[in-house]
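Peer 1:
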Amino acid sequence: MAKTATAGAAPAAIAGAVPAATDGCHPPYLQWIKSFESGSAEIDALHRALLEECNELLQALEDGTAWPRIVADAGKLVEGCIQHFRHEEELLAWTRFPRRAEHVAEHRRLERELHGLLSSMSMVDGSLDEHREYPRSFAPMLIEFIIRHDLDFRSHLLRQQGF
Ligand SMILES: [Fe+2]
Ligand SMILES: [Fe+2]
Numbered sequence: 027m028a029k030t031a032t033a034g035a036a037p038a039a040i041a042g043a044v045p046a047a048t049d050g051c052h053p054p055y056l057q058w059i060k061s062f063e064s065g066s067a068e069i070d071a072l073h074r075a076l077l078e079e080c081n082e083l084l085q086a087l088e089d090g091t092a093w094p095r096i097v098a099d100a101g102k103l104v105e106g107c108i109q110h111f112r113h114e115e116e117l118l119a120w121t122r123f124p125r126r127a128e129h130v131a132e133h134r135r136l137e138r139e140l141h142g143l144l145s146s147m148s149m150v151d152g153s154l155d156e157h158r159e160y161p162r163s164f165a166p167m168l169i170e171f172i173i174r175h176d177l178d179f180r181s182h183l184l185r186q187q188g189f
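Pasting the structure below:
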């Protein structure tokens, strides 16, 4: 079993076994680990891209990037997550995943949560640390809900490929 991600640890890394940086650079905030593999190389590539996008957002936050830009980037990340959900839902329909309806329902719940977070961000100016906790909370959400939740269909996809 992979190490469990912990929330709210920025700027430290929060997923996978990431060593502390020794060169003065920030380590990646989220790191892909093998146990995140979903049974689909295509889905894995999309998950990796979302992790990277989230890392860029967290880095921009630590760099003191202007808040409107942070909000805009967070909006793109949320849009990317939603597109990913649609793509995954098509794959689950095509491969006849028996728990597809439950998985889709969880995606919808997540979408509401992501939009809620975005809306909270747009109502503040980023001047307080508590404002900056909003974008930071995307990281544990990505790990726990977008990637780990998908382990539910891993054995189904692997079985279909004859593993
Ligand atoms: Fe996913
Ligand atoms: Fe999913």
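Residues 27 to 189, numbered by the numbering used here, are exactly what the sequence shown covers, in order. All C-beta atoms, glycine included, are put in the ideal place defined by N, C-alpha and C. Since the structure is predicted, the reported quantities are computational estimates derived from the model, not experimental observations.
(1) Go through its chain and collect everything with a Cβ distance to A119's Cβ below 8 Å, but skip five positions before and after it.
(2) Does the stretch 54-68 come within contact of the stretch 99-109, defined as at least 3 CB pairs closer than 8 Å?
(3) What is the C-beta distance between H110 and L72, in whole angstroms, given that I count them as a contact (C-beta under 8 Å)?
(4) Taking 6 Å as the cut-off, is the CB of D151 close to at least one heavy atom of ligand 1?
(5) Excluding the 5 residues preceding and the 5 following H175 in the sequence, name in chain order all residues of the same chain whose CB lies nearer than 7 Å to its CB.
(6) Buried or exposed: R135, going by 16 or more other Cβ atoms within 10 Å of its Cβ?
(7) Can you find a heavy atom of ligand 1 that lies under 6 Å from the Cβ of E114?
(8) Less than 6 Å between the CB of D176 and some heavy atom of ligand 2, yes or no?
(9) What first and last residue would you give for the alpha helix (DSSP H) that runs through H110?
(10) Where does L77 land, buried or exposed, given buried means 16+ other C-beta within 10 angstroms?
(11) Starting from the Cα of D99, find the closest Cα among L84, H129, E128, I59 and give me that residue.
(12) Please determine whether the Cβ atom of I172 lies at a distance below 6 Å from any heavy atom of ligand 1.
(13) Please work out which residues of its chain come closer than 6 Å, Cβ to Cβ, to I173, disregarding the five sequence neighbours upstream and downstream, and give them in chain order.
(14) In chain order, what residues of the same chain lie with their CB nearer than 8 Å to the CB of G50, ignoring the 5 residues before and after it?
(15) So which of C107, E156, D151, R180 has the shortest CA-CA distance to A92?
(16) A75: buried (16+ other C-beta within 10 angstroms of its C-beta) or exposed?
Peer 2: In this structure, then:
(1) R126
(2) no
(3) 5 Å
(4) no
(5) E132
(6) exposed
(7) It does: the Cβ of E114 is within 6 Å (strictly closer) of some heavy atom of ligand 1.
(8) Yes, ligand 2 has a heavy atom inside 6 Å of this Cβ.
(9) Boundaries of the alpha helix (DSSP H) around H110: 93-120.
(10) buried
(11) L84
(12) yes
(13) F62, H73
(14) Its pLDDT being 48, under 50, G50 is placed unreliably in this model, and the coordinates cannot settle the point.
(15) The shortest CA-to-CA distance from A92 to any of C107, E156, D151, R180 is the one to D151.
(16) Flag for A75 reads exposed.
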